[in-house]
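In my numbering, the protein residues as written are 13 to 388.
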């Protein structure tokens, strides 16, 4: 086989190895056997909710195992076809098998992405917060750009977006905002976006047209459903009401309908001003707090397993996960994976899947830190 096809074969083998490791192959086979036996138990549906949960797990596990087995079978078949074609001098068979291997590589990549979105809460909806860093109008404008980027990304994925809270900047942009992204695997896709994002550009707010560096942070946490029990002691929380800011009509601006809840033991703060009713905003804020506490527990589990977990840190130098340079050249670079794009306009319009997939792959492969130089 030619070197190009040898590389394709090696990449497929590597993908199969990663998929097997991610599934914990032997354990997955035993679990599927148990679920298949459980499905034949006539008493299973006595608890419809539990039965549906087990059947969903069974289908997902069966799809994952079948996908890996199909990859292995097609890889073996096409490699053998190439060897046979070369022995017999049949170039048509060789070309056909090589094309099949290239298509198989694409399929292996798709399965890897699906495997990377199989965590406990990955299939859930998600909350996403954006907070501006120090720097006033500059960082507030940058926070607004990031918010727009994620909304555009979500729309391209076919997700629905609900804006829960926006704290407007004094002159432009936003100080903070929270959105609710609704769609299958919304949290799984967005979870690696938590961290500090850095922007370098010629400031539109500087009359001397100087280059400015701005920072904003993103925080992502999953929406939790009723099957996940999160106990919160209300005496550990401080609840504040305030007037909603921004557009929304006379009622929004003249009543204390917005709600902020501070969980004192953890320091977690959530806020909601989306509804006109304080009662509805309060209920939504409690849901957000439960989600934040659940996300914190997921993070602890990942850290215990030596996985790379997104962390909320100081919004400034040394903590950024990605840099976006608009002047004097154009480049977006992820500082965890080294993935780059020379088209920041597309990235800021929501084309961030390449960065998300690389970060997910980085996490599934063990999440070890890599030395990636930042850009000026």
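Even for Gly, the Cβ is constructed at its ideal location relative to N, Cα and C.
- In this structure residue 71 is exposed. Its beta-carbon is surrounded by fewer than 16 other beta-carbon atoms within 10 angstroms.
- For residue 133 and residue 221, the gap between their C-alpha atoms comes out near 45 Å.
- When the alpha-carbon of residue 218 is set against those of 284, 246, 150 and 102, the nearest one is in 150.
- Straight through space, the alpha carbons of residue 272 and residue 278 are spaced by roughly 15 Å.
- In this structure, the alpha-carbon of residue 347 lies about 18 Å from that of residue 232.
- DSSP places residue 183 outside both helix and strand once states are collapsed to three, so it counts as coil.
- Assigned with DSSP and collapsed to three states, residue 200 falls in helix.
- Residue environment for residue 161: buried (at least 16 other C-beta atoms within 10 angstroms of its C-beta).
- Counting along the chain, residue 207 sits inside the beta strand (DSSP E) bounded by residues 207 to 214.
- Residue 45 has its alpha-carbon roughly 18 Å from the corresponding atom of residue 57.
- Put simply, the stretch 108 to 122 does not touch the stretch 172 to 190. Fewer than three CB pairs are less than 8 Å apart.
- Inside the stretch 233 to 309, DSSP marks whole beta strand (DSSP E) runs of 3 or more residues at positions 249 to 254, 270 to 275 and 280 to 284, from first to last along the chain.
- The three-state secondary structure of residue 146, taken from DSSP, is coil.
- Collapsing the DSSP output to three states places residue 176 in a strand.
- When DSSP states are grouped into helix, strand and coil, residue 341 belongs to the coil group.
- Judged by DSSP secondary structure, residue 54 falls outside any alpha helix (DSSP H); it is assigned neither H nor E.
- In terms of CA proximity to residue 234, 131 leads the group 112, 189, 131 and 54.
- Excluding residues up to 5 positions away in sequence, 249, 250 and 281 lie with their Cβ nearer than 7 Å to the Cβ of residue 274 in the same chain.
- When beta bridges are read from the DSSP output, residue 140 appears opposite 191 and 232.
- Around the beta carbon of residue 296, 16 or more other beta carbons lie within 10 angstroms, which makes this residue buried.
- Residue burial is scored here from C-beta neighbours: residue 190 has at least 16 other C-beta atoms within 10 angstroms and is therefore classed as buried.
- For residue 214, same chain residues with a beta-carbon under 6 Å away, outside a window of 5 residues either side, are 221, 223 and 339 in chain order.
- A residue is called buried when at least 16 other Cβ atoms come within 10 angstroms of its Cβ; residue 155 meets this threshold and is buried.
- In the DSSP assignment, residue 127 falls within the alpha helix (DSSP H) that extends over 103 to 128.
- Annotated three-state conformation of residue 151 is helix, per DSSP.
- With 16 or more other CB atoms across the displayed protein chains lying within 10 angstroms of its CB, residue 109 is buried.
- Per the C-alpha coordinates, the member of 33, 201, 40 and 355 positioned closest to residue 136 is 201.
- Around the Cβ of residue 157, a 10 Å sphere holds 16 or more other Cβ atoms; the residue is buried.
- One alpha carbon belongs to residue 375, the other to residue 128, and they sit about 8 Å apart.
- Secondary structure of residue 335 (DSSP, three-state): strand.
- When the five nearest sequence neighbours on each side are left out, the beta carbons in the same chain lying within less than 8 Å of the beta carbon of residue 269 are those of 253, 255, 256, 263, 285, 287, 288, 289, 290 and 293, in order along the chain.
- DSSP places residue 219 in no alpha helix (DSSP H); its state is neither H nor E.
- Using a Cβ distance threshold of 8 Å, residue 138 and residue 178 do not count as a contacting pair.
- Below 8 Å, enough C-beta pairs join the stretch 22 to 41 and the stretch 72 to 86 to call them touching: three or more.
- Ranked by how close their Cα comes to the Cα of residue 16, the residues 111, 312 and 152 have 111 in first place.
- Annotation for residue 15: the continuous alpha helix (DSSP H) segment containing it runs 15 to 35.
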